[in-house]
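Have a look at the structure below, then the notes.
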Amino acid sequence: GEDVEQSLFLSVREGDSSVINCTYTDSSSTYLYWYKQEPGAGLQLLTYIFSNMDMKQDQRLTVLLNKKDKHLSLRIADTQTGDSAIYFCAESESGYSTLTFGKGTMLLVSP
Amino acid sequence: GAGVSQSPSNKVTEKGKDVELRCDPISGHTALYWYRQSLGQGLEFLIYFQGNSAPDKSGLPSDRFSAERTGGSVSTLTIQRTQQEDSAVYLCASSLSSTGFLYEQYFGPGTRLTVT
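Structure below.
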């Protein structure tokens, strides 16, 4: 079955770059997503990438996709304390189908 | 409304009782999803409604779980004879729908269910 794996915890200092990694197993994954969940809040879509892309950049966020290795990463430049949250990697086969999520990576940014 | 709303925000119930969780999607969104977020399990898909089509129930963990969507809008997730392992945050999401393109799923804040 489909599986999405990510590391559970990452700690960085304010101003550093953060890199959160994710691997997935489903070859038919067409869309790959990064969601952010702040304490007590719902999930918020940060960015997504199509499987035919290698990289997508959006302000401080850079998403890298290695389709051969089924590896996805999210890089946050100049990490701020407000970036502290749980980050979920997810995949879907189409743009409107259900999402398969990883267990989430808790990012802790210290001043 | 401004976003997806869910009620109640917190629910504590005794083992064996039935509970109903409500989701109000964003107006005009035809697709509605229920997910469950358990400690150590991450987010798992439960059920998906798309317009008037039969729902995709493939993620429901047991026949104690059911969901309805009335009038293509509000949805209710019902858990019968609750068990302690049902304790989790239940998240609802909605999106526009189409074919061949990405429509973002907007998530509600969730209902935290605790079964004692």
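Just so you know, the protein sequences line up as chains U and H, in that order. Residues 5 to 115 (the working numbering) make up the first sequence, in order. Residues 57 to 172 (the working numbering) make up the second sequence, in order. Ideal Cβ placement from N, Cα and C applies to all residues, glycine included. Just so you know, these numbers come straight off a predicted model, no measurement behind them.
- The alpha carbon of Ala-58 (chain H) has as its nearest neighbour, out of H:Arg-78, H:Val-145, H:Tyr-162, the alpha carbon of H:Tyr-162.
- Sequence-distant partners of Ile-90 (chain U) (beyond 5 residues in either direction) whose C-beta falls short of 6 Å from its own C-beta, in its chain, are Gln-41, Gly-108, Met-110.
- For a Cβ distance threshold of 7 Å, residue set Pro-165 of chain H lies close to Ala-45 (chain U), ordered along the chain.
- In summary, Thr-126 (chain H) is exposed, with fewer than 16 beta-carbon neighbours lying within 10 Å of its beta-carbon over all protein chains present.
- Per the DSSP secondary-structure output, Met-59 (chain U) pairs in a beta bridge with U:Leu-68.
- For Met-57 (chain U), the closest C-alpha among the options U:Tyr-35, U:Tyr-39, U:Gly-44 is that of U:Tyr-35.
- Within 9 Å of the CB of Leu-147 (chain H), the CB atoms of chain U belong to Gly-46, Leu-47, in sequence order along the chain.
- Closest in alpha carbon position to Ser-11 (chain U), among U:Lys-60, U:Cys-93, U:Ser-101, is U:Cys-93.
- For Gln-41 (chain U), the three-state secondary structure derived from DSSP is strand.
- Cβ neighbours of Ser-32 (chain U) within its own chain (closer than 6 Å, five residues either side excluded): Glu-97.
- For Asp-87 (chain U), the secondary structure class from DSSP, reduced to helix, strand or coil, is helix.
- Rounded to the nearest angstrom, the Cβ distance from Val-8 (chain U) to Gly-86 (chain U) is 25 Å, too far for a contact under 8 Å.
- Against chain H, a Cβ distance below 9 Å from Leu-111 (chain U) picks out nothing, because the smallest value is about 16 Å.
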